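Participant: First to last, the sequence lines map onto chains R, L, U and A.
Start counting the first sequence at 0; every next residue gets the next number (numbering that gives the first Met the number 0).
Start counting the second sequence at 0; every next residue gets the next number (numbering that gives the first Met the number 0).
Start counting the third sequence at 0; every next residue gets the next number (numbering that gives the first Met the number 0).
Start counting the fourth sequence at 0; every next residue gets the next number (numbering that gives the first Met the number 0).
We put the beta carbon where it would ideally sit given N, CA and C, even for glycine.
Note that the coordinates shown come from a computational prediction; the quantities given were computed from them, not determined experimentally.
Pasting in a structure now, in structure tokens, and then I'll have a few things to ask.
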Amino acid sequence: MTSILLIVIGAALVNNFVLTRFLGICPFLGVSKKLPTALGMCGAVIFVMTSASAVTFALQRGVLDPLGIGYMQTIAFILVIASFVQLVDIAMKKFAPALHGALGIFLPLITTNCAVLGVSVLNVQSGHGFGKAVLYGFSAAVGFALALLVFTGLREKIDRANPPRCFQGVAIALVTAGLLSLAFMGFAGLVK
Amino acid sequence: MKTITAPYRIEGGVHPAYRKELARERAILAMPPPGLVRISMAQHLGAPAKPLVKKGDTVLRGQRIGEPGGFVSAAAHASVSGTVQAVGPAPTASGALAMAVDIESDGNDTSLEPGPRHDNWAELDAKTLIGLVADAGIVGMGGAGFPTHVKLSPPPDKTIDTLIVNGAECEPFLTADDRLMREQADGIWTGISILRHILGARSVRVAIEDNKPEALKAMERAMAGAEGDVTLIVLPASYPQGAEKQQIYGITGRETPSGGLPMDVGCLVENVGTCLAVRDAIVNGRPLTERVTTVTGDPVAEPGNILNRIGTLYSDLIAFCGGLRSPATKIVSGGPMMGFAQGSLESATAKTTSGLLALAPDQAPVYESLPCIACGRCVRACPMTLLPCELSQALEAEDYELADAFHVMDCIECGCCAFVCPARRPLVQHMRGGKARIALKRREAMQNNKEKG
Amino acid sequence: MDIANVNPVALTALAIGLIGLVCGAALALAARFLAVHEDPRIGQVADILPGANCGGCAYAGCADYAKAIVLNDAAINLCAPGGQEVLDKLCAFLGKTAEAAEKKTAIVLCGGDSGKAPRRFAYNGVADCAAAQAVHGGDKRCGYGCLGYGSCARICPAGAIEIANGLAKVHKNLCIGCGACVKACPRTLIQMIPVSRTIHVLCRSRDKGPVVKKACSVGCIGCTRCAKIADDGQIAMDGPLAVVDYAKPFDNEEAVEKCPTHCIVRA
Amino acid sequence: MTASDSHTTLYTVSSSPHAHSGASVPCIMFDVLVALTPALLAAVYFFGFDAVRLVAVCVASCVGAEALCRKAMGRPVKAALADLSAVVTGLLLAFNLPPSLPSWMAVLGSVFAIGIAKQAFGGLGYNPFNPALAGRAFLLISFTGRMTAWHAARLPERWSFGGLTMDALTSATPLGMVKDAIKAGDPLPVAMDGATTLRFLLGDMGGCLGEVSALALLLGGAYLLARRCISWHVPVCYLGTVALFSGIHWAANPAAAMPPHFHLLTGGLMLGAWFMATDMVTTPVTNKGLVVFGIGCGVLTMTIRIVAGGAYPEGVSFAILLMNAVVPLINRATRPRLFGQRRKA
């Protein structure tokens, strides 16, 4: 029980993918302008990261390790994740076209998202079992979603702020992300 | 008849400096007819009236010079006898242009034969009485100017069980209603009785703020013999106790639904001045041609409550009060919380002009607004429980969708938010602009739908 | 088969290839069974459009306009910022011909800056024309003149409008002709006109001469001199106001010279 | 027309209302400064010259940074300085620094607080994070060693708790000592007897300049409440949550946990709850939102303080910064029910 809690808190807060590992910055900045879009993205990321954890973990343990080609990890993972996200993309276009329109370019971006690859690789490195690997992927995604939601709220506020010209747009968003990341440092060391 | 304090507490509200002492003890003073009156055809909500006279016509006091321009509209009457000097556009107190009739007084003040007196009003049916009210051109005299006969004719599916008479006068500085209640309590009570008869309302609630003890006493005396469910309600003095929705809630605990009218909760609110005007119309057969306006403010030499002919120019009204003894930087038509600042003294009084206020430079400083510091004072002050700070920022960023979703259309423009704002943000102006813009968009959308469908 | 004996390169290639094949097959199946039909031309037309999203075509942005062109057969010469170049491309792509609308520019039909048209009261509030107009009808003594609070300048996507001395002025060379400013002006002082027109009556006041004179030193007082000079109706009297008919080319210096209040200018 | 023609000075015309309560931003900021005075005096009493030095440096560099930023941005300088917010930020930042911090670090923190956390967003009202706390967090992460090196309050030999004397330069705050002891599995070094409680209440302990004297801070908080500059919601909910959280923790394990009054009186809690978590710009606007905010701050503070592995013994500034970040979401979630809109059944 405790170890499960540690995994969740560790992945979601303490080692937050966006704010302490700086993975997945692209959708973090891209889809944080409006809350409804961000919520959709959160759902997509949680789904993709959780299932990608499962798929890649199975691939590693079931195929790459037995064949002794663990060194092909990166390529194999990208291949699988890319097709997987494409699948989600197609399905979403069919079943939730409005959400698909709103997510636009960012859904395919999850394809090559370092956060998804990162969670897969970290899972394999950490030596978790299958269940914990999936949980880790899920928690990391929840952490991403949390950061994204908080950041979206902030962006809706700073969109109405009045920064100097040179700071307008993405610049001030990055400054905000930096400050947010600074705040997340408070969690440092709580969980390994 | 009994007297109780208001059973429900309204949300928010503020306590501005009331400054009523300036004019409170000044008895109502009748101003002789001025040399010129300018009678606007848009003294009420709804369609403006259509002028019935042209340049050169001679008119008598009480003569109808404008006929209603639609269902929600009201007639206009000459307030002096004389010659029509001009018929043309003139700015109303809000600055909008509307047709107005200028009448040069002949000094005789000849009245049209007073219409039939109806001392037997209790025997007449509602329809006849409403017709008489409409003929007299009576509109809500508290400030909004909604035509009274329209208010008195609710659609058949709405029943009105409670008639609320608004004597709160929560606007600072103004004392016209206070004086009216002190001096004309019996007349007001007759008007209330007529309205009650018209509506067949079961209950009557007369609401007065507790900072007008004499008015309370006077009304209590006038109402002493009243039969049935009649209650005098003492409201705690705070602004905006006189706002329709807030008053209904404070007295009955009923919340007028968002976008709805008082009749949706079985209530009807009339100002005390309106009640007196109804009495005059029915019992004395006199149309609405004069009203009491509080002329006040520190720069005014002799502040007072002036019974003036409707259409009296503000310049004449101030001159009658001894002029300005010190410079004024702001002239407000109405009270300081919801009144309209004037660019000049060219406008004339209307049926809704409850006050004319002159403010000295230090009372109306030119201010610069700062960014919102999110102190939340406006949120706590808003009687409609809106988020004025968020709304104004959304409107500043022209995000009308968000403003609409945050219910900007429910804003009653009472001014509490801007009153308390430490950053002096022009919150009410933002709301007004946003409301106008959203209303326009809705109309356009409706038009589009019509064209498509 | 003993894995250890297989050539590692071949094994790797085989394994990755197989994974790829499985993924590819899944995608292919998905694409077949979950396909959503969408006209590809919409995207292509959107690519041709400049992407300024100025709204000058009266559609909500370029993508919306592209949709309207492909699906609803909307006119293809509505894109002002794109000009001839975009129109040519659209013609070529859609196999249509369309005449380019003449390039238009915005003009503010008021010449009364702070020095020439006095204010009638001191406005204190939101610096926005519509807001100022709503407070006691605007602070300019002339009820028709430019208030100068820059609503048009703020909405202009090209930064082509400058507020100088309480008066808005369009810089022709920067204007992209989208017309956003026309709607922004609460006093409807801004008009879209063909760029080639150079003579303008910079006044929209419908007041009579004496009233105009009191409110502004460069207002049209309705003397009709210009209308007589432009005898073909290029400048016509509309009540007390001289109005240029921009449909008719007109270039006569005399009209400018003879205007007693100098409200007719060459620009 | 005649009336306006004869009138030489124009009337002022604006939208209603034409009356105002008289409240202003500089007034509020001035009240905050007044409220901080007791804590400032306490800081000078306990830390002597270092307190004067750091306060002077921080205030001066905050005001200077504000002026420079406004100038560089081409925006009015005087108006921005006149609202006194830079002075407040400077004072609060100084209150969050250990007395031994070199002046140049204080300058750096001030410049970060004003330049990055405030003016980059456009100045007062637009900043999502409390500038002083952002400055402190920035310094804490950049110079962890110097930011956690405490001079004993007055004299090193006065630093003993329950017979345990601490080295004056390392982790001499009660919170730090307790955390170190828990990490090492040692017995708790601080016994909260009456005398110690009184000393903590007065501020006779190691810590940042302005945070030590709970009594002085309470005085200031009471002043702010009385002047209606702040509402009771945040301090009460914040302190209440901390008390409750630590109370439960202590009741569950009295041998390895400190009692609630220890947590209330030590660290930056009082300063944070009364002055940092009540910063209007970076807190919610509704009363309900303030309650959520206060509770959130309390929970996060205690989480950071209690969990043994944490890198920092104190969590107040991080907790408030984290809650600052969720303010827009809180505002969204705690919108009041509109008058006239029926409650959902």
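With a Cβ-Cβ cutoff of 8 Å, do Pro193 of chain U and Cys53 of chain U count as a contact?
Facilitator: no
Participant: Along the stretch 160 to 177 of chain R, where does the CB come closer than 7 Å to a CB of chain B? Name the residues.
Facilitator: Structure shown: chain B not included; protein chains present are R, L, U and A.
Participant: Considering Cα atoms alone, identify which of L:Leu96, L:Val79, L:Thr273, L:Thr2 is closest to Gly87 of chain L.
Facilitator: L:Leu96
Participant: In this structure, does DSSP put Lys449 of chain L in helix, strand or coil?
Facilitator: helix
Participant: Please list, in chain order, all residues of the same chain as Lys434 of chain L whose beta carbon is under 7 Å from its beta carbon, the five residues on each side excluded.
Facilitator: Val407, Met408, Cys410
Participant: So, at 8 Å on beta carbons, what are the nonlocal neighbours of Lys168 of chain U in its own chain, with the 5 sequence-adjacent residues on each side left out?
Facilitator: Val107, Ile160, Glu161, Ile162
Participant: Return helix, strand or coil for Gly309 of chain A, following the three-state DSSP convention.
Facilitator: coil
Participant: For Met30 of chain L versus Thr311 of chain L, is the C-beta spacing smaller than 8 Å?
Facilitator: For Met30 of chain L and Thr311 of chain L, yes; Cβs fall inside 8 Å.
Participant: Based on the DSSP output, what are the partners of His76 of chain L in its beta bridges?
Facilitator: L:Arg63
Participant: Which first and last residues belong to the beta strand (DSSP E) in which Arg265 of chain U is found?
Facilitator: 263 to 265
Participant: Contact defined as beta carbons within less than 8 Å: I believe Phe128 of chain A pairs with Leu328 of chain A. What is the distance between those atoms, to the nearest angstrom?
Facilitator: Incorrect: roughly 15 Å between the Cβ atoms, too far for contact.
Participant: Is Val35 of chain U close to chain R? Criterion is C-beta to C-beta, closer than 8 Å.
Facilitator: Judged by the 8 Å Cβ criterion, Val35 of chain U is in contact with chain R.
Participant: Any chance the stretch 231 to 241 of chain U sits against the stretch 116 to 133 of chain U, with 3 or more Cβ pairs inside 8 Å?
Facilitator: no
Participant: Using a Cβ-Cβ distance cut-off of 8 Å, determine whether Ala396 of chain L contacts chain R.
Facilitator: yes
Participant: Does DSSP put Met98 of chain L in a helix, a strand or coil?
Facilitator: strand
Participant: Quick check: the Cα distance between Arg324 of chain L and Leu173 of chain L, rounded to an integer number of angstroms?
Facilitator: 20 Å
Participant: Taking the beta strand (DSSP E) that Val86 of chain L belongs to, which residues open and close that run?
Facilitator: 81 to 90
Participant: Would you say Ser13 of chain A reaches chain U, if we count a Cβ-Cβ gap shorter than 8 Å as a contact?
Facilitator: Yes - at least one Cβ of chain U is within 8 Å of the one on Ser13 of chain A.
Participant: Return the first residue and the last residue of the alpha helix (DSSP H) that Thr282 of chain A is part of.
Facilitator: Here Thr282 of chain A belongs to no alpha helix (DSSP H), and DSSP marks it neither H nor E.
Participant: Applying a beta-carbon distance threshold of less than 7 Å, which residues of chain L neighbour Asn267 of chain U?
Facilitator: Because chain U spans 0 through 266 in this model, residue 267 of chain U falls outside it and cannot be assessed.
Participant: Grouping DSSP H, G and I as helix and E and B as strand, with all else coil, what is Thr174 of chain L?
Facilitator: In the structure shown, Thr174 of chain L sits in coil (DSSP, three-state: anything other than H, G, I, E or B).
Participant: Within the same chain, show all residues whose beta-carbon is closer than 7 Å to that of Ala242 of chain L, passing over the 5 residues directly before and after it, in chain order.
Facilitator: Cβ within range, chain order: Pro382, Ile411, Cys413.
Participant: Select from the stretch 61 to 87 of chain R all residues with a C-beta closer than 9 Å to any C-beta belonging to chain U, and list them in chain order.
Facilitator: Val62, Leu63, Pro65, Leu66, Gly67, Ile68, Tyr70, Met71, Ile74, Ala75, Leu78, Val79, Ala81, Ser82, Phe83, Gln85, Leu86
Participant: Between Val284 of chain A and Cys388 of chain L, which are expected to be in contact by the criterion C-beta below 8 Å, what is the C-beta distance as a whole number of angstroms?
Facilitator: Indeed, because the Cβ distance is near 6 Å, the residues count as touching under 8 Å.
Participant: Within the continuous alpha helix (DSSP H) that includes Ala133 of chain U, where are the two ends?
Facilitator: First-last of the alpha helix (DSSP H) with Ala133 of chain U: 128 to 133.
Participant: Counting Cβ pairs closer than 8 Å, one from the stretch 55 to 66 of chain L and one from the stretch 327 to 337 of chain L, do we hit at least three?
Facilitator: no
Participant: Check each residue of the stretch 400 to 418 of chain L: if its Cβ is closer than 9 Å to any Cβ of chain U, include it; give the result in chain order.
Facilitator: none
Participant: Assuming Gly134 of chain A is part of the beta strand (DSSP E), what are its boundary residues?
Facilitator: From DSSP, Gly134 of chain A is part of no beta strand (DSSP E) but of the alpha helix (DSSP H) over 130 to 141.
Participant: Measuring straight from C-alpha to C-alpha, what distance separates Lys178 of chain A and Val47 of chain R?
Facilitator: Approximately 40 Å, taken between the alpha carbons.
Participant: Between Ile113 of chain A and Ala272 of chain A, what straight-line distance do the alpha-carbon atoms span, to the nearest angstrom?
Facilitator: Looking at the two C-alpha atoms, the distance is approximately 22 Å.
Participant: Straight-line CA distance for Leu260 of chain L to Ile68 of chain U?
Facilitator: 46 Å
Participant: Take Cys96 of chain U as the anchor and find which of U:Lys103, U:Val210, U:Leu86, U:Lys171 has the nearest alpha-carbon.
Facilitator: It should be pointed out that residue 96 of chain U corresponds to Thr in this sequence rather than to Cys. Looking at the Cα atoms, U:Leu86 is the closest of the given residues.
Participant: Using only CA atoms, which one of L:Lys1, L:Leu234, L:Cys377 lies nearest to Val203 of chain L?
Facilitator: L:Lys1
Participant: Please tell me whether Gly144 of chain U and Ala116 of chain U are closer than 8 Å, where the distance is taken between their beta carbons.
Facilitator: yes
Participant: Classify Cys165 of chain R: buried if its beta carbon has 16 or more other beta carbons within 10 angstroms, exposed otherwise.
Facilitator: Result: exposed.
Participant: At a cut of 8 Å, does the stretch 100 to 115 of chain A reach the stretch 131 to 138 of chain A through at least three beta carbon pairs?
Facilitator: yes
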